[in-house]
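Reading the sequence shown from the start, the letters are residues 10 to 1162 in my numbering.
Please read the structure below before turning to the comments.
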Amino acid sequence: MYKNIIIKIFALLIIFSTLILAQNSDLIYSVSDTFKVNLENKYLLSAINIVPFSESVYLHGSKINLSDYKIKYPFPILTLSNSLKYSLFDTLIINYNTTKLPFKSEYRHQTLVYKFDNKLKDSLRVLKSVNKPFTAESIFGKNIRKSGAIIRGFTIGTNKDFSLNSGLRLQLSGKLSNDIEVVAALTDENTPIQPEGNTETLQELDKVFIEIRHPNAVGTFGDYNFNQKIGEFGTINRKLQGFKAKAHIKNMNASIALAGSRGKYYVNSFMGSDGVQGPYRLHGINNERTIIIIAGSEKVYIDGKELKRGDNNGYTIEYANAEITFTPNVLITSASRISVDFEYTDRKYDRSFFGGNFQTKLFNNKVRVKLSYAQEGDNTSSPIDFTLTKEDKSILAKAGDERNAAVISGVSLAKPDSNGNTIGTYIKADTLINGETFTYYVYSPGNPNSLYNVQFSFVGNGKGDYIRETIGNFKFIGKNKGTYLPLVFLPMPQLKQSANILLEAAPIKELNLSLELAGSLFDRNRLSSKDDNDNDGFARNIKLELKPKEITIGKINLGKIGLNYKDRFVQKRFSSMERFNNVEFDRDYNINSVENNDETLREFVLTLNPVQQLNIYSKYGFLKRGELKSKRYVLNAELKNNENYEADFNLDYVNSRNALIKTKWMRQNGTASYLFGFIKPGVDYLYENKEDRNINTDSLFNTSLKYFELGPFIQLLNYKGLSVTAKYSLRTEHFPLNSILEKESIAKTYSYILGYSSRPFSTNAEITFRNKDFTQKFKSLGRLNNQTVLIRENSRFNFLNRFLDGSLYYQAATEKTAKLERVFVKVKQGSGNYEYLGDLNNDGIAQENEFAPTIYNGNFIITTIPTDELFPIINLKTNLRFKLKFNKLVKSNSWVAGFIKPISTETSFRIEEKSKEKDTKNIYLLKLSHFLNDSTTINGFNTFQQDIFLFKNRNDLSFRFRYLQRKSLNQFSSGIETGYFRERSIRIDFRLVKEMNNRTEFVNQIDNVLATSVSNRSRIVTSNNLISNFSYRPMKNVEVGFRIKVGKTQDNFPETPTIIDENSELLRFTLSFAGKGRLRVEAERIELNPNNLSNQIPFEILRGNSVGKNYRWDLNFDYRVADNLQININYNGRLQGIGKVINTMRAEARAYF
């Protein structure tokens, strides 16, 4: 293997060497120097280098021999031989070649100069620096644009070891010389954060690279995208980490990539579901469910058309959960053909990638030659998150390419603990199935009979015996009725290689010819030599293109006619690096079998443009794959002008047969419209009729179908800022029933798009309703009528001179969702907000009530993951915000105006609901009595906030009255959790004297949470608090503050209520350094006195404090030492209850570029 790699690298080096040598003619130029002969006999050439033996030396007009002079090439200096006869009146001419290098002939840091000394009354030779002061420009140069920072710091504390913190973030771009440009993004920080998949452009925080550009070459080190398309079989798109180089000289181009591959390429194709916009879960090559999609690697297609990512486009994606959800812009039905190309990581092996290509043009660009090679595979010596034992490797060696043979049992006997007790999570049980004893396992942590730990693997629907209820909890539901089995698949390391050569020729201007040959090697198990005899495969492709050309017969002009012919053969063992067929290729030729067979494809295309407004496209295709033979006929006609009318009609007919089935498949679609001023009516048309029949009996198979869809529409195009589209669609579908095509359903779709823009009001609204009703015959088979609702509305308004100013957002869509499971993930000490209390019930399972919130030194964070079971829901989100400013409404100076003008309000109303409500209009019409229902709501909340201000912008006296209410309900896998929060408060801001202000606030709160018994979050809390905050500014840059707080909190959830009296005092001092920084010092005393110490007190009451007296002191110092240097020192200490004093100090310096 290494020999092959060396040969490949050597071949690519030859290519690059050729390109480099080809550059010499551009880098080398001639120079001529003229000297008078001198007594010193040393002649320093003007150039800083000389190409060896390129010189020609002339003395008094005659060329002298090499023996008559000596030349020191590195310097370069020439001296004449002592045996040569010459005089001081002779002229010496030296012609030579030199290379263009952006270097000076001499670099100095210091130089000797003469300086007069007044004491000694004499001139002295002293050193003088010739360099400029050391600045960022000294490092990067004046032509480099840079930004970023270098961070250095440390942390030390009573319960923390001394640790150093460092970081580098640097972005560079600009020219290093006239020909060399650099672009770089550098960091030494590890940021394993997947970007959000809800925007069209991703913010990839962890992308690090250096790119060097030259007019003839580009080199990249770090993270980059490798995109290559050479012919049909040489298409590769990868997100890589490593090295990439490109070179292009005259008619030659070459590139090479050597990198680590971030993931595996795979394609998921599936049908949509009526009323389900998502999420649709993606899986790996072997049905893996726990995969992570490489951000930005996906391409999503609906019915063969690629979609853009983003909330305002076609879809959003959760990369960590591998889930895609389609936006209301794209209606998903059971007829939607969804295809997703993506890269993913399953954290099994490190992967490497090596690839390169070469292209050149010959014979005045009439012939083009292109070559490519790529290799991608798993590193067998670098497994991730697992280890292979000798027994595992032996199993893999014997398995060959058969994945189902590379398995081990997932059942293991639990190991005894320190007390000798065997604590497992599963009980072994037996049952009788069809008269035979069958062993299965029951999840029962904490049970003395639970002696086993069991690992499960996803094997596909109907292939397993278990279903997953929560993490680690699998339930036996019957043989071949589930999706999981108690076994572990051993990961098989793979290696794929692919190469192709493409020859393109244009013997005449209108004719193009291309010949392509490709080969591949695909080793599905690098740890086994078994089954390696079928690893190789090849493919070839021939294309002939006659470009459209006007054809005239006599005086008759037939218009432009073009011809294309394609002849392709793909061996069944050929394996490309990526998909090379059209997304809809299998559908185009009615390919249903997943088995690989040799494939022959021939296509003939005729294009005709008789007049400028009419384009006709026709195609005949023949495909043979194994026993399948398929003939395809396509006709497309497009008629349009650029002013008022357009029409497009497409006919696609496929006739195919294999050993069992013969198929006739007619497909038609079209659209037509006409523009009358600003009104544009039109109609869309769609028809399919597919008949799959038994060759012997002519009976109809269940894969047959027939549907017809007609969709008239009308558009109002930008009339005084208003645009409207209204469309109605009627679709009938037929499917076989007892070998006869019967009407299955009628679907009616109503869609409206509204856009309006003006200064006081703007809106964009999209509404789609689709009702699908099944006939009685199919209802008896269990088919249910369904409704799809897609609504999105976004408005902004500003009325009555900004008296009323606000926005409205509304979105509703029918989807599917799963219940969520809370999971605690361990992180670095001090980075989390939960701590583990230990195995309190001794069942060997870390449960939710064994974690407690903390604001100090937490080492767990909480996240949620979806369970396996999906429920059809309607997902609604709406948010209304508006402000009322009465001083904008009333302009007079009457007493009424004086009473109204100080009043202003801010109102916010937000609702989110995911509900299983069957009558969806109860949700999208905002019938709130159906919201937060424990039998239908999966999760949701509604929040209302009302603020009323008096004299809002006055500094001497102002008031704020607030009412805030939030209701919530969440169905977790462990049970239902409901919440109710209400706050009523009044806040007064007033100025005592010019230097002293006060803010006093009274807050009444209710905070109720009812959760399951496995959680410790339940509480019924009422609190009243009075807070008064004084601020004194004796000088502009000095502030002294004092805050006092008294309150009472009562938790009525325990049988004996918990009552806590609280009082706290805080003193602060702030000193500002104008334009430089700030010093802030705080000290706080908090006292909590409960009436009952036996009850568990919720974290939300204590807020990280202990019962009794708590002391906290903080110091924060920020200072900008120079324009590009800032330091930060943070010290905090605390004493909680009767514990010990905890001190923590952090110091950091940041140098900005």
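Every residue gets a Cβ at the ideal spot worked out from N, C-alpha and C, and that includes glycine.
Bear in mind that the values here come from a model prediction, so they are computed numbers and not experimental data.
- Task: Go to L1111, then tell me how far its alpha helix (DSSP H) extends in each direction, as first and last residue.
- Result: 1108-1111
- Cβ-based neighbour list, I985, same chain, cut-off 6 angstroms, excluding 5 preceding and 5 following: D943
- Query: Can you check whether the CB of M586 is closer than 7 angstroms to the CB of A254?
  - Reply: Cβ atoms of A254 and M586: not closer than 7 angstroms.
- Label M280 either buried or exposed according to how many other C-beta atoms from any shown protein chain fall within 10 Å of its C-beta, with 16 as the threshold for buried. Classified as exposed, M280 has fewer than 16 neighbouring CB atoms from the shown chains inside 10 Å of its CB.
- Message: Please report the distance separating the alpha-carbon of D410 from that of K402.
- Response: 14 angstroms
- Just tell me which of T299, I245, N373, Q368 has its CA closest to the CA of D355. T299
- Query: With respect to 6 angstroms, is the separation between the Cβ of T120 and the closest non-hydrogen atom of the ligand NAP below this value?
  - Reply: By its list of ligands, the structure shown contains no ligand whatsoever, and the ligand NAP lies outside what it can speak to.
- Could you give the DSSP three-state label for N858: helix, strand or coil? helix
- Just to confirm, are Y82 and P61 a CB contact at a threshold of 7 angstroms? yes
- Message: Considering just the uninterrupted stretch of the alpha helix (DSSP H) at Y328, what are its terminal residues?
- Response: For Y328, there is no enclosing alpha helix (DSSP H), as DSSP gives it neither H nor E.
- CA-to-CA distance, H223 to H257, given in whole angstroms: 10 angstroms
- Message: For T1153, count the other beta carbons within 10 Å of its own beta carbon; 16 or more makes it buried, fewer makes it exposed. Which is it?
- Response: buried
- Report yes if the C-beta distance between Y843 and G867 is below 7 angstroms; otherwise report no. yes
- Item | Bridge partner(s) assigned by DSSP for N521 | E554
- Task: Determine the extent of the beta strand (DSSP E) in which L1097 is found, giving its start and end residues.
- Result: 1086-1099
- Query: Expressed to the nearest angstrom, what Euclidean distance is found between the alpha-carbon atoms of E400 and L499?
  - Reply: 11 angstroms
- Item | E64 classed as buried or exposed, judged by whether at least 16 other C-beta atoms fall within 10 angstroms | Buried, since its Cβ has 16 or more Cβ neighbours within 10 Å.
- Within 7 angstroms, strictly: CB atoms of L695 and R702: no
- Query: Just to confirm, are Y1120 and L1097 a CB contact at a threshold of 7 angstroms?
  - Reply: no
- Task: Just confirm the distance between the C-beta atoms of G231 and Q250, as a whole number of angstroms; I'd bet it's less than 8 angstroms.
- Result: Confirmed, Cβ separation roughly 7 angstroms.
- Item | Ranges of the alpha helix (DSSP H) found wholly within the stretch 886-919, counting only runs of at least 4 | 904-909
- Task: Use the C-beta contact count for F394: other C-beta atoms within 10 angstroms, 16 or more gives buried, fewer gives exposed.
- Result: The sequence shown places Asp at residue 394, rather than the Phe named in the question. Classification of D394: exposed, given that the 10 Å Cβ count is below 16.
- Would you grab the beta carbon distance between N794 and F783 for me? Rounded to a whole angstrom, and I think it's under 8 angstroms. About 6 angstroms separates the CB atoms of N794 and F783; that is less than 8 angstroms, so the two are in contact.
- Message: Ignoring anything shorter than 3 residues, give me the beta strand (DSSP E) runs that lie fully in the stretch 391-448, in order along the chain.
- Response: 416-418, 420-422, 435-442
- State the DSSP-derived secondary structure class of F62, mapped to helix, strand or coil. DSSP places F62 in coil when its eight states are reduced to three.
- Under the three-state reduction of DSSP, which class applies to D782: helix, strand or coil? Three-state result, D782: strand.
- Query: Whole-angstrom Cβ separation of E1091 and R1112, contact assumed at under 8 angstroms?
  - Reply: E1091 to R1112, Cβ: 16 angstroms. No contact.
- Query: Can you tell which of I1036, N566, I570, K51 has the C-alpha that lies nearest to the C-alpha of K558?
  - Reply: I570
- Which residues bound the beta strand (DSSP E) around F999? Segment 984-1002, the beta strand (DSSP E) holding F999.
- Message: For A415, tell me which candidate among L397, I432, D576, T952 has the shortest Cα-Cα distance.
- Response: L397
- Message: Can you list, in chain order, the residues of its chain with a C-beta nearer than 6 angstroms to that of L1166? Leave out the 5 residues immediately preceding and following it.
- Response: Nothing can be reported for residue 1166: it is not among the residues displayed for the chain, which extend from 10 to 1162.
- Message: I need the straight-line Cα distance from E636 to K886, nearest angstrom please.
- Response: 53 angstroms
- Query: How many whole angstroms separate the CB atoms of F485 and R477, which I take to be in contact at a CB cut-off of 8 angstroms?
  - Reply: Their Cβ separation, rounded to whole angstroms, is 12 angstroms, which puts F485 and R477 out of contact at 8 angstroms.
- Count the other CB atoms, across all protein chains shown, that sit within 10 Å of the CB of K904; report buried if there are 16 or more and exposed otherwise. First, the amino acid is wrong: residue 904 is Trp here, not Lys. Its Cβ having fewer than 16 others within 10 Å, W904 is exposed.
- Kindly list the residues whose CB is nearer than 7 angstroms to the CB of D99, restricted to its own chain and excluding five residues on each side of it in sequence; keep chain order. Closer than 7 angstroms at Cβ, skipping near neighbours: V46, L68, H69.
- Task: Within 10 angstroms of the Cβ of D350, are there 16 or more other Cβ atoms? Answer buried if so, exposed if not.
- Result: D350 sits buried, since 16 or more C-beta atoms from the chains shown fall within 10 Å of its C-beta.
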